[in-house]
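Right, one structure below, let's go through it.
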Amino acid sequence: MGEKSLGLNGLGKIRKNKTFRPERIEPKVSETIRRSLPDDQILMHYTRKLKAKDTPKSVQTQIDTHMAIKQIGIVENKKNYEVINELVEKYINDMPDTKKKLVMEFVRQVQRNMPEE
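Residues 9 to 125 (this note's numbering) are what the sequence shown spells out, left to right.
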């Protein structure tokens, strides 16, 4: 056969200037996304034992709710306020983002006025 053959193989033989594949450009890594709603813990957890003046607010609940909190604390070897803190954090985490952000603003405002450990 001659120089100019037909078909896919034939076209490659007569083509003189082949285009090369372009250089691969890696995408730049953008800086980390800074979210206005932090993913870390919501409420402060103190390492020291809290005193009565550190927990001045009282919460009124029904007797069965109080007993449930008390029993959860006994089973998990925690104080009542620790159990309530965990329940509140789980509840806030399950909220829609708009409501969660609103609650977090007020929580952070109170935390800024709290005494350090």
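From the three backbone atoms N, C-alpha and C, an ideal C-beta is built for every residue, glycine too.
Shown here, R120 sits in a helix according to DSSP, grouped into three states. Under the three-state reduction of DSSP, D102 is assigned to coil, being neither helix nor strand.
Around the beta carbon of V83, a 10 Å sphere encloses fewer than 16 other beta carbons of the protein chains shown; the residue is thus reported as exposed. Comparing alpha-carbon positions, the option among I80, D102, N101 lying closest to I92 turns out to be I80. Q117 and R32 have their C-alpha atoms roughly 49 Å apart. Linking N85 to T63 through their CA atoms gives a straight-line distance of about 19 Å. Separation of I100 and V111 (C-alpha to C-alpha, rounded to the nearest whole angstrom) is 8 Å. Going by DSSP, I77 is part of the alpha helix (DSSP H) stretching over 71-84.
For K57 and E39, the gap between their C-alpha atoms comes out near 40 Å.
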